[in-house]
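Worksheet: the structure to be examined is printed underneath.
Number of protein chains: 2
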Amino acid sequence: MCELLGMSANVPTDICFSFKGLRERGGRTGPHRDGWGVAFYQNKGVCTFKDPMPSHESEVARLVSDYPIKSTAVVAHIRQANRGRVGLENTHPFSRELWGRYWTYAHNGQLKDHQSLPTARFTPVGTTDSERAFCFLLSELDKHYPTKPKSRRQAFSFIRKKADILRQMGVFNMLLSDGEYLLAYCTTKLHWITRRAPFGIARLSDIDVDIDFTRETTPNDVVTVIATEPLTCNEQWHKMSPGQWQLFYRGEAIGPNKE
Amino acid sequence: MCELLGMSANVPTDICFSFKGLRERGGRTGPHRDGWGVAFYQNKGVCTFKDPMPSHESEVARLVSDYPIKSTAVVAHIRQANRGRVGLENTHPFSRELWGRYWTYAHNGQLKDHQSLPTARFTPVGTTDSERAFCFLLSELDKHYPTKPKSRRQAFSFIRKKADILRQMGVFNMLLSDGEYLLAYCTTKLHWITRRAPFGIARLSDIDVDIDFTRETTPNDVVTVIATEPLTCNEQWHKMSPGQWQLFYRGEAIGPNKE
């Protein structure tokens with residue numbers, strides 16, 4: 001299996017602290033040794049660092065955990081391969097352009113019969129069930145909305161319905177973002193936390209690192225972090241239930257069930 | 001204007017030496033301060049590092065120039081903005097998927113009336129003339145070949161013909177790769193060099209750095225480097241003429257004019 005990490009924020013925020021925790025699970029505190037990746041959005045642009053090496057050993061992952069890249073939406077993943085060989089083409093997150101926006105996605109789980117999933121305009125490059133599911137979702141979206149819909153929130157609602165089909169095929173925990181919205185979809189395991197004023201001190205579970213968010217933030221900052229397993233040991237994370245989904249926009253949970 | 005750097009190799013090769021030279025031109029020996037990017041292919045996978053900061057000052061660029069990422073095809077760019085604000089969405093290289101392959105592109109030049117270029121399936125995310133020209137090329141390719149052509153070389157020949165249209169609109173020096181082939185198209189300035197046994201010592205023009213390629217290579221390695229301006233001061237680079245193009249495959253120039 002794999003682990004997911006996402007961030008949605010109302011101001012450009014770095015993910016060094018959370019990524020530091022996740023990185024340990026890629027070969028040290030966790031078995032996810034088969035690659036890692038992280039996509040950072042800045043406005044409509046996106047930059048994705050990825051590497052088929054274990055994140056714990058990767059020099060690039062070290063840079064990402066130390067060097068503050070400010071972003072309002074992040075999708076990250078560490079991989080334990082089940083379908084598809086270990087290689088860059090099978091390393092999450094995956095991105096495609098639709099309607100003049102980059103869509104970025106990462107998946108935790110395993111799907112049966114994924115070869116039967118129809119894809120149209122979007123073709124997988126690698127051989128994972130994950131990328132095929134992503135191409136399926138975007139192809140369905142493109143078929144349903146040949147031109148950009150007025151409401152992107154509606155588009156995410158459509159994606160969520162199509163994810164219900166994938167859920168029937170196995171384990172499908174997913175993060176998907178267009179740089180503004182971030183959709184978290186859970187079939188087995190996914191947690192999230194929204195941090196806002198008054199901020200406090202957080203402590204990572206996987207490595208002896210603390211952060212005092214009062215020093216890193218302004219009173220108006222709203223930052224949500226989503227992860228397969230909670231990354232901190234002294235905060236209360238929301239645990240998502242099987243079949244539950246949550247849409248985030250600029251740091252805030254906006255549906256279906258607000259905090 | 002901007003500067004381009006590309007590499008095509010028959011074995012996974014790092015680009016640290018050449019990138020070290022290019023990086024200096026992004027703020028120190030050259031005026032290209034408005035961002036930089038580099039895409040590395042490994043088999044069909046691609047990873048693109050990009051940053052709207054000057055490469056000379058970028059921590060990520062420092063990593064890329066020091067840390068050997070092995071690749072058989074590379075497309076890199078340093079930017080001096082003319083059309084489109086400085087920002088990640090306008091930072092080259094740009095990538096899109098077509099026929100289950102990632103296509104990556106970078107442009108040096110400026111195009112008049114680029115808004116008039118038709119794009120179909122591929123939509124620009126940013127606001128540069130460069131990205132629009134890329135979306136035009138891929139949209140034309142997709143229209144002409146609704147399914148993957150048997151010969152990708154033929155596809156590159158088609159792209160070259162469409163590039164002749166862009167050439168009428170201004171300055172259009174370009175690198176475009178699908179991870180196996182790399183097309184270099186010149187309207188004003190582009191140079192290339194193929195290194196093969198017997199290898200020698202090369203010296204960068206922009207910074208006091210030498211490399212002894214005999215220590216870094218095996219006798220069968222063939223590596224071509226393409227750059228706006230020669231990166232070394234003690235080697236003979238091929239100078240391309242206006243309107244000339246050259247296709248590379250696994251390190252070798254394969255047309256129209258071989259070495």
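Respectively, the protein sequence lines represent chains V and C. Numbering follows the UniProt record's numbering, with no gaps: position 206 of the first sequence is 206. Numbering follows the UniProt record's numbering, with no gaps: position 251 of the second sequence is 251. Using N, Cα and C, we set each Cβ at its ideal position, and we do this for glycine too. In this text, all values refer to a predicted model and were calculated from it rather than measured experimentally.
C-beta neighbour in chain V for residue i, strict 8 angstroms
{"i": "C/Glu59", "result": "yes"}
{"i": "C/Pro118", "result": "no"}
{"i": "C/Gln42", "result": "yes"}
{"i": "C/Pro12", "result": "no"}
Short CB-CB distance (under 8 angstroms) between residue i and chain C
{"i": "V/Glu259", "result": "At V/Glu259, the pLDDT of 41 sits below 50, so the modelled position is not reliable and the matter cannot be decided from this model."}
{"i": "V/Gly6", "result": "no"}
{"i": "V/Leu63", "result": "yes"}
{"i": "residue 271 of chain V", "result": "The structure shown does not extend to residue 271 of chain V, since chain V is modelled only from 1 to 259, so the question has no answer here."}
{"i": "V/Asn82", "result": "no"}
{"i": "V/Cys2", "result": "no"}
{"i": "V/Phe122", "result": "yes"}
{"i": "V/Arg96", "result": "yes"}
Residues bridged to residue i [DSSP beta-bridge criterion]
{"i": "C/Ile226", "result": "C/Gly6, C/Trp192"}
{"i": "V/Ser71", "result": "V/Thr13"}
{"i": "C/Asn220", "result": "Bridge partners of C/Asn220: none, in fact."}
{"i": "C/Ser95", "result": "C/Thr104"}
{"i": "V/His77", "result": "V/Leu4, V/Gly37"}
{"i": "C/Ala184", "result": "C/Leu175, C/Gln246"}
{"i": "C/His238", "result": "C/Trp192"}
{"i": "C/Pro31", "result": "C/Gly26"}
{"i": "V/Thr232", "result": "V/Leu204"}
{"i": "C/Gly109", "result": "C/Phe172"}
Range of the contiguous alpha helix (DSSP H) that encloses residue i
{"i": "C/Gly170", "result": "Premise fails: C/Gly170 lies in the beta strand (DSSP E), 170-177, not in any alpha helix (DSSP H)."}
{"i": "C/His144", "result": "129-144"}
{"i": "V/Val156", "result": "Note on residue identity: the sequence assigns Phe, not Val, to residue 156 of chain V. Residues 152-167."}
{"i": "V/Glu59", "result": "59-66"}
Within chain C, the residues that residue i reaches when beta carbons sit closer than 9 angstroms
{"i": "V/Cys47", "result": "Gly37, Thr48, Phe49, Lys50, Asp51, Val60, Leu88, Thr91"}
Residues that residue i contacts on chain V, provided the C-beta gap is smaller than 8 angstroms
{"i": "C/Leu176", "result": "Here the premise fails: no neighbours, minimum Cβ distance about 16 angstroms."}
Residue range of the beta strand (DSSP E) that includes residue i
{"i": "V/Val38", "result": "36-42"}
{"i": "V/Phe49", "result": "45-51"}
{"i": "C/Asp206", "result": "First-last for C/Asp206: undefined, no H or E at that position."}
{"i": "V/Trp245", "result": "245-249"}
{"i": "C/Ala81", "result": "Counting along the chain, C/Ala81 falls outside any beta strand (DSSP E), and DSSP gives it neither H nor E."}
{"i": "C/Glu252", "result": "252-255"}
{"i": "V/Asp113", "result": "From DSSP, V/Asp113 is part of no beta strand (DSSP E); its letter is neither H nor E."}
Chain V contact residues for residue i, given Cβ-Cβ distances below 7 angstroms
{"i": "C/Trp99", "result": "Thr123"}
Residues that residue i contacts on chain C, provided the C-beta gap is smaller than 8 angstroms
{"i": "V/Tyr67", "result": "Glu59, Val60"}
{"i": "V/Tyr102", "result": "Val125"}
Residue-level contact to chain B via CB, residue i, 8 angstroms cutoff
{"i": "V/Arg167", "result": "Of the protein chains in the structure, V and C, none is chain B."}
Would the segment 197-207 of chain C count as touching the segment 237-246 of chain C if we require 3 or more Cβ pairs under 8 angstroms? no
Decide if the segment 151-164 of chain C is in contact with the segment 73-84 of chain C; the criterion is three or more beta carbon pairs, one per stretch, under 8 angstroms apart. no
I'd like to know if the segment 12-19 of chain C and the segment 217-228 of chain C are in contact, where contact means that at least 3 CB-CB pairs between them fall below 8 angstroms. yes
Touch test, the segment 122-133 of chain V against the segment 105-114 of chain V, Cβ-Cβ under 8 angstroms, three pairs minimum: yes
Are the segment 175-182 of chain V and the segment 61-79 of chain V touching, with three or more C-beta to C-beta distances below 8 angstroms? yes
Segment contact flag, the segment 50-63 of chain V with the segment 56-69 of chain C, C-beta cutoff 8 angstroms, min 3 pairs: yes
Touch test, the segment 212-220 of chain V against the segment 139-158 of chain V, Cβ-Cβ under 8 angstroms, three pairs minimum: no
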